[in-house]
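Each protein sequence line maps, in turn, to chains C and H. Start counting the first sequence at 1; every next residue gets the next number (the numbering used here). Start counting the second sequence at 463; every next residue gets the next number (the numbering used here).
Number of protein chains: 2
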Amino acid sequence: MLTYTLEKGHGKSLYAELYEHIREDIRAGRLAAGTRLPSKRTLAANLGVSTVTVENAYAQLIAEGYAESKERSGVFVCAIGAALPPVEASAPVYSELRRDKPLLDLSGGGGEDVPFPFSVWAKTMRAVISEQGKDILKPVDFRGAAELREAIAGHLYRVRGLRVSPEQIVVGAGNEYLYGLLVQLLGRERRYAVEDPGYPKITGIYKANDVAVKHIPLDGEGMSVQALQNSGAEIAHISPAHHFPTGIVMPIRRRSELLAWAYAQPGRYIIEDDYDSELRHTGKPVPPLFSLDTQERVLYLSTFSQTIAPSLRIAYVCLPPKLLMCLRERLSFYTCAVPTFEQYTLARFIDSGDYERHLNRLRKRYRDKRALILSQIEESPLHGRCGVVEENAGTHFLLHLQTSKSDAALKRAAAERGLSVRFLSDYQTRREDTGSMIFNYACLDTARVPEALRILAALTEK
Amino acid sequence: MLTYTLEKGHGKSLYAELYEHIREDIRAGRLAAGTRLPSKRTLAANLGVSTVTVENAYAQLIAEGYAESKERSGVFVCAIGAALPPVEASAPVYSELRRDKPLLDLSGGGGEDVPFPFSVWAKTMRAVISEQGKDILKPVDFRGAAELREAIAGHLYRVRGLRVSPEQIVVGAGNEYLYGLLVQLLGRERRYAVEDPGYPKITGIYKANDVAVKHIPLDGEGMSVQALQNSGAEIAHISPAHHFPTGIVMPIRRRSELLAWAYAQPGRYIIEDDYDSELRHTGKPVPPLFSLDTQERVLYLSTFSQTIAPSLRIAYVCLPPKLLMCLRERLSFYTCAVPTFEQYTLARFIDSGDYERHLNRLRKRYRDKRALILSQIEESPLHGRCGVVEENAGTHFLLHLQTSKSDAALKRAAAERGLSVRFLSDYQTRREDTGSMIFNYACLDTARVPEALRILAALTEK
Chain C
1 MLTYTLEKGH
11 GKSLYAELYE
21 HIREDIRAGR
31 LAAGTRLPSK
41 RTLAANLGVS
51 TVTVENAYAQ
61 LIAEGYAESK
71 ERSGVFVCAI
81 GAALPPVEAS
91 APVYSELRRD
101 KPLLDLSGGG
111 GEDVPFPFSV
121 WAKTMRAVIS
131 EQGKDILKPV
141 DFRGAAELRE
151 AIAGHLYRVR
161 GLRVSPEQIV
171 VGAGNEYLYG
181 LLVQLLGRER
191 RYAVEDPGYP
201 KITGIYKAND
211 VAVKHIPLDG
221 EGMSVQALQN
231 SGAEIAHISP
241 AHHFPTGIVM
251 PIRRRSELLA
261 WAYAQPGRYI
271 IEDDYDSELR
281 HTGKPVPPLF
291 SLDTQERVLY
301 LSTFSQTIAP
311 SLRIAYVCLP
321 PKLLMCLRER
331 LSFYTCAVPT
341 FEQYTLARFI
351 DSGDYERHLN
361 RLRKRYRDKR
371 ALILSQIEES
381 PLHGRCGVVE
391 ENAGTHFLLH
401 LQTSKSDAAL
411 KRAAAERGLS
421 VRFLSDYQTR
431 REDTGSMIFN
441 YACLDTARVP
451 EALRILAALT
461 EK
Chain H
463 MLTYTLEKGH
473 GKSLYAELYE
483 HIREDIRAGR
493 LAAGTRLPSK
503 RTLAANLGVS
513 TVTVENAYAQ
523 LIAEGYAESK
533 ERSGVFVCAI
543 GAALPPVEAS
553 APVYSELRRD
563 KPLLDLSGGG
573 GEDVPFPFSV
583 WAKTMRAVIS
593 EQGKDILKPV
603 DFRGAAELRE
613 AIAGHLYRVR
623 GLRVSPEQIV
633 VGAGNEYLYG
643 LLVQLLGRER
653 RYAVEDPGYP
663 KITGIYKAND
673 VAVKHIPLDG
683 EGMSVQALQN
693 SGAEIAHISP
703 AHHFPTGIVM
713 PIRRRSELLA
723 WAYAQPGRYI
733 IEDDYDSELR
743 HTGKPVPPLF
753 SLDTQERVLY
763 LSTFSQTIAP
773 SLRIAYVCLP
783 PKLLMCLRER
793 LSFYTCAVPT
803 FEQYTLARFI
813 DSGDYERHLN
823 RLRKRYRDKR
833 ALILSQIEES
843 PLHGRCGVVE
853 ENAGTHFLLH
863 LQTSKSDAAL
873 KRAAAERGLS
883 VRFLSDYQTR
893 REDTGSMIFN
903 YACLDTARVP
913 EALRILAALT
923 EK
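Here it is as structure tokens:
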């Protein structure tokens, strides 16, 4: 007869304890396959528990396949195949990569928060909870909530002069998510051209999606059309409004040439990545390629990461009608990856005008910050030994240093002085020395810039 | 001299209007490349506007590459390459696929809401906004917020008896997102085995990710190990806790055989998709394969879609330590795709005990609903001409109909009577007639079931 000591008060029910004892006996082979287990009544009497306890334990064993019930003859131990080892809880060794935090990061990390009217955002969230109630948990169209797509379409028209139907807008959980979706839409077997220099993350995501990536050099106007042509790529991923890190704003001539490239062969597309066009400081933002395209070859992609918060995870892509149909036919089984609540909150934030008010303040803030930093450079010992390359846009410029040192040597020396810097060469496939430092001021504490400039001046002295 | 009629009051600034006029003249070729534009002062006087207006218009043209400024000689029209057609706003033709809504959907759509304590959820959201403030917009670890990963680990231990370190948990924007990520982690070039019958969406997502999918038939205990072996697949995607749509709960013997299959070759993995194990009605949920695995070959995947709401878009995967390292090395450049706010809200909902209280109510609700429907079947004219196949779990069972009609003919006839039904054959690659209807009662209005059963009885009469 099976005999176990069952103890109450371990947070486990008696039946669970009994089940575990028998299970371990079966797994260890102490109860062989074919063995008949005692009747519920007998075992209950033996252990001094109720028959319900035994019944529940047997039911669990049967449910998991450790035992089976044969009508009118009882419960029998099953053959469980290869012996299963006892389960041990092993704590995995997982050591975080530790990075020492620099005193000042000129390349864009850390420092100040990006200004954002959190109280207005919180008020909007609360209003959505109160007014839309249970609807915030309802499913939406695979392209995203109609409310948000309409708000984005209105915003694009007011701020970018871009006319697009809300039907053409597809909302996704960040640019990264949408890049992956676009590969599924346009084809994984194709070659994708990216800008060189450019964001390494874009290349990283394409490679993780097993896409052949061609790095196309830029000239002063953006991606070289000749090099693009020679690469055999069919999809060109570009950021014509404001290229990172060079800051190039693509002139209309090059835009026209790129469209001509796309039109020259069926199946060629341009992914227009408009990641920070809303941060143009002066004048209207440059009109997107999407609005110049007459043959449905441009996909316009943008995000709220730069202007609200990366953790919001909302980006969108505007698709030409034919590609939209394609997406609907082949990929509309996907659920929209952004929670309904965030979509409603953002829609309301845009419709109320709060988003555009925030953008205006943000642009002014960055304009002022940039002007201050440019004057700090003029007053610094670097003055006369450096040049600023910038285009009145975004949150960074290039600081070209006159130096005989290599980029790598400067980076190392700067790091020793607590300064984290990146060079144009860090974003290029060919790591040639450039002397051009990325000066990203979005989160920079300007009070510490003079000291940083003194350090740079000392490092570049002959 | 350029002369345009600029009109105020169109919601456009004067400079923008002037810029557009000149731009259109350049694009139409009326202003040829090399043409010198009038000086700002002259044009301003001619048009009766301020020089600032002209200056802004010129600046915009220069920024976009329509014109260029040459020092001390003025502003000149640039060559813009191939003529760009005028931009027209065309409304894309996008007609929604219309589906007539059936009177009663037995296959799982429409009907009642899944019960959820929305007021508790809303209270939790408000508490997170008030207490965590700006932190709800801060970035989190690529695996998700530590708070949520800890809450999930605690929940898995309490409810599933599964011991896993929060370090091993990776949060993603729904199962669909995680399937795509796992393909990137495990390899796109491999063969993936899925259950047949099974969820068509799983196959759809693997195919959209260009993965070779093998459909492996089930026997009474789940995926056939022999067929899996013969398929040459290296990754087996299974749902051992409760298979959809057959309802099979995989016995321990088959679990052990599948582990042995994985251990027999390096590079073999099991994706354990535990989509609704929390809805087991009686007894403890069956322990997952993940906790039996001693050689780091099982990935445990689960979601909050079934128990909270699909629109929440939060799922997670528990990875063995080696795969976690792999993910960190190769794919940690991805930002966690779930907004920080939803992560904090869910963490608090779990930690407070509200989630487990909800699960208990949900299980009771489904248990009662199932019992009612089973009694409705007994009292219906179908009684004696059908069989119920079910395993005390999930929100559906199979209703096997004794009929000479084909599944397709029954579906058509049912649809004519306003009844939407699906058969086991709808989830199989080989569409053999089964007579087995999926009876999904999660959202079903039970008041209408007797009528539905009368219709089915009439349709299956000889």
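Just so it is clear, CB atoms sit at the ideal spot from N, CA and C, and this is done for glycine as well.
task: Grab me the residues of S842 of chain H's own chain with a C-beta within less than 7 angstroms of its C-beta, minus the 5 sequence neighbours each way, in chain order.
output: P912, L915, R916, A919
- request: Measuring alpha carbon to alpha carbon, tell me which of H:I678, H:S887, H:E517 ends up nearest A871 of chain H.
  value: It is H:S887 whose Cα lies nearest to the Cα of A871 of chain H.
- prompt: Within the 8 angstroms Cβ cut-off, does S531 of chain H reach chain C?
  reply: no
query: For S718 of chain H and chain C, any beta-carbon pair shorter than 8 angstroms?
result: By this cut-off, S718 of chain H is an interface position.
task: Could you work out which residue in C:E195, C:R363, C:Q343 is closest to A227 of chain C when comparing CA atoms only?
output: C:E195
query: Would the beta-carbon of G65 of chain C fall within 8 angstroms of that of P713 of chain H?
result: yes
- request: Can you grab the Cα-Cα spacing for the pair D465 of chain C / F397 of chain C, in whole Å?
  value: Outside the modelled stretch of chain C, which goes from 1 to 462, sits residue 465 of chain C, for which no answer is possible.
task: Starting from P310 of chain C, find everything on chain H with Cβ-Cβ shorter than 8 angstroms and list it in chain order.
output: P601, T797
task: With 8 angstroms as the C-beta to C-beta threshold (strictly closer), list the residues of the segment 173 to 184 of chain C near chain H in chain order.
output: Hits within the stretch, in order: A173, G174, E176, Y177, G180, Q184.
task: Would you kindly check if the distance between the Cβ of Q343 of chain C and the Cβ of V183 of chain C is under 8 angstroms?
output: no
Same chain, Cβ closer than 8 angstroms to E68 of chain C, neighbours up to 5 away in sequence not counted: I62, V75, F76, C78
- prompt: Shortest alpha-carbon distance to L505 of chain H belongs to which of H:Y466, H:I542, H:E482?
  reply: If you compare the alpha carbons of H:Y466, H:I542, H:E482 with that of L505 of chain H, the shortest gap goes to H:Y466.
query: Which value, in whole angstroms, describes the spacing of the CA atoms of A608 of chain H and L327 of chain C?
result: 35 angstroms
message: Please list the terminal residues of the continuous alpha helix (DSSP H) segment that includes E657 of chain H.
response: Premise fails: E657 of chain H lies in the beta strand (DSSP E), 653 to 658, not in any alpha helix (DSSP H).
message: Rounded to whole angstroms, what is the Cα-Cα separation between V673 of chain H and P115 of chain C?
response: 43 angstroms
- request: Residues of the segment 239 to 251 of chain C with a CB closer than 8 angstroms to any CB of chain H: list them in chain order, please.
  value: V249, M250, P251
query: Just checking, does the segment 587 to 603 of chain H make contact with the segment 308 to 323 of chain C on the three C-beta pairs under 8 angstroms criterion?
result: yes
- request: Would you mind reading off the limits of the beta strand (DSSP E) that contains T335 of chain C?
  value: That residue, T335 of chain C, is in no beta strand (DSSP E); it is neither H nor E in DSSP.
- prompt: Excluding sequence positions up to five away, which residues of its chain have a Cβ less than 6 angstroms from the Cβ of D351 of chain C?
  reply: A151
task: Answer yes or no: do L763 of chain H and N637 of chain H have a C-beta to C-beta separation smaller than 8 angstroms?
output: The Cβ atoms of L763 of chain H and N637 of chain H sit closer than 8 angstroms to each other.
task: Identify whether V388 of chain C lies in helix, strand or coil by the three-state DSSP scheme.
output: Looking at V388 of chain C - three-state DSSP - the assignment turns out to be strand.
- request: Report the rounded CA-to-CA distance for T765 of chain H versus E517 of chain H, giving the unit in angstroms.
  value: 57 angstroms
message: For the segment 861 to 871 of chain H against the segment 895 to 904 of chain H, do three or more pairs of beta-carbon atoms, one drawn from each stretch, fall closer than 8 angstroms, so that the two count as touching?
response: yes
query: What does DSSP give as the partner residues of N508 of chain H in its beta bridges?
result: According to DSSP, N508 of chain H bridges with nothing at all.
field: Rounded C-alpha distance that separates G133 of chain C from F580 of chain H
entry: Looking at the two C-alpha atoms, the distance is approximately 8 angstroms.
- prompt: Are the beta-carbon atoms of L14 of chain C and L6 of chain C separated by less than 8 angstroms?
  reply: yes
field: Q768 of chain H vs D735 of chain H beta-carbon contact at 8 angstroms
entry: no
query: Between L640 of chain H and P217 of chain C, what straight-line distance do the alpha-carbon atoms span, to the nearest angstrom?
result: 34 angstroms
- prompt: Going along the chain, which unbroken runs of the beta strand (DSSP E) with 3 or more residues stay wholly within the segment 106 to 178 of chain C?
  reply: Taking 3 residues as the minimum length, the beta strand (DSSP E) runs contained wholly in the segment 106 to 178 of chain C are 169 to 172, in order along the chain.
field: Reduced DSSP secondary structure (H/G/I, E/B, other) of C780 of chain H
entry: strand
message: With a threshold of 8 angstroms between beta carbons, is D210 of chain C in contact with chain H?
response: By this cut-off, D210 of chain C is an interface position.
query: chain H beta carbons: is any one of them nearer than 8 angstroms to that of M223 of chain C?
result: no
task: Could you check the C-alpha separation between D113 of chain C and G267 of chain C for me, to the nearest Å?
output: 42 angstroms
- prompt: What are the residues that DSSP puts in a beta bridge with T303 of chain C?
  reply: C:A315
field: Extent of the continuous alpha helix (DSSP H) run through D681 of chain H
entry: Counting along the chain, D681 of chain H falls outside any alpha helix (DSSP H), though it belongs to the beta strand (DSSP E) covering 674 to 681.
query: Under 8 angstroms between the Cβ atoms of Y422 of chain H and K502 of chain H?
result: Absent from the structure is residue 422 of chain H, since the part of chain H shown begins at 463 and ends at 924.
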